Amino acid sequence: MTSIPVVPVELTNDAIKQKSSIIQIMAQKSQHYLTDVEKFVEDVMAHEQEMETDVLPDIALPHAKSGGVSTPFIAVSKYSDGIVWNNNKVKLIVMIGAQEHANKEHLAIIAKLAASLADDDFIAELLNSDIQTIAHKIRGIYE
2 MTSIPVVPVE LTNDAIKQKS SIIQIMAQKS QHYLTDVEKF VEDVMAHEQE
52 METDVLPDIA LPHAKSGGVS TPFIAVSKYS DGIVWNNNKV KLIVMIGAQE
102 HANKEHLAII AKLAASLADD DFIAELLNSD IQTIAHKIRG IYE
């Protein structure tokens, strides 16, 4: 698998505390990998309606295959105070974007990330790290 770009997105404690706003901010910061930021945001939000992405304690994994993506990427944000994401409070958001017709790559990205996030020690490291370190650790999964 080729290296996947990982975009660290700083969220301050005064950031808007709605998941739609955070997804928008993360998409805007990832615009280098997008052909259409709004299309990607719409696709992520549509997927959020279909399936809850806060499947791990403290972590949300919003993702979408989208016609708005030019290069597969991962964006990471940390919100130390936590944000309500569906029914859980999360502190780390790991957003995955893949091209609309990138079935194998999309699944491979998610599978590799999921395998790492199954390790409680790895999750603890991420939750106790700054955003640059988090991005570096997640980038390391794909190198």
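Under the working numbering, the residues of the sequence shown are numbered 2 to 144, in order.
Beta carbons: idealized from backbone N, C-alpha and C, even for Gly.
Remember, it's a predicted structure, so these values are computed and weren't measured experimentally.
Hey, out of the options, whose CA is closest to residue i's CA?
| i | options | result |
| --- | --- | --- |
| residue 110 | 60, 30, 26 and 140 | 140 |
| residue 93 | 46, 33, 134 and 108 | 134 |
| residue 102 | 28, 123, 67 and 121 | 67 |
| residue 97 | 31, 137, 20 and 128 | 31 |
| residue 49 | 88, 143, 128 and 117 | 88 |
| residue 118 | 55, 100, 73 and 65 | 55 |
| residue 85 | 100, 53 and 69 | 53 |
| residue 25 | 8, 9 and 46 | 46 |
| residue 21 | 8, 9, 44 and 11 | 44 |
| residue 91 | 128, 75 and 9 | 128 |
| residue 18 | 75, 80, 136 and 73 | 80 |
| residue 99 | 70, 136 and 28 | 70 |
| residue 115 | 137, 29, 11 and 142 | 142 |
On the CB-based measure, 16 or more other CB atoms within 10 Å of its CB, does residue i come out buried or exposed?
| i | result |
| --- | --- |
| residue 13 | exposed |
| residue 105 | exposed |
| residue 82 | exposed |
| residue 78 | buried |
Could you tell me whether the region 37 to 44 touches the region 3 to 14, where touching means 3 or more Cβ pairs closer than 8 Å?
no
Tell me, please, whether the region 24 to 38 touches the region 50 to 61 by the rule of three or more beta-carbon pairs shorter than 8 Å.
no
Any chance you could list the beta strand (DSSP E) runs of at least 3 consecutive residues sitting entirely within the region 61 to 120, in chain order?
64 to 67, 74 to 86 and 89 to 100
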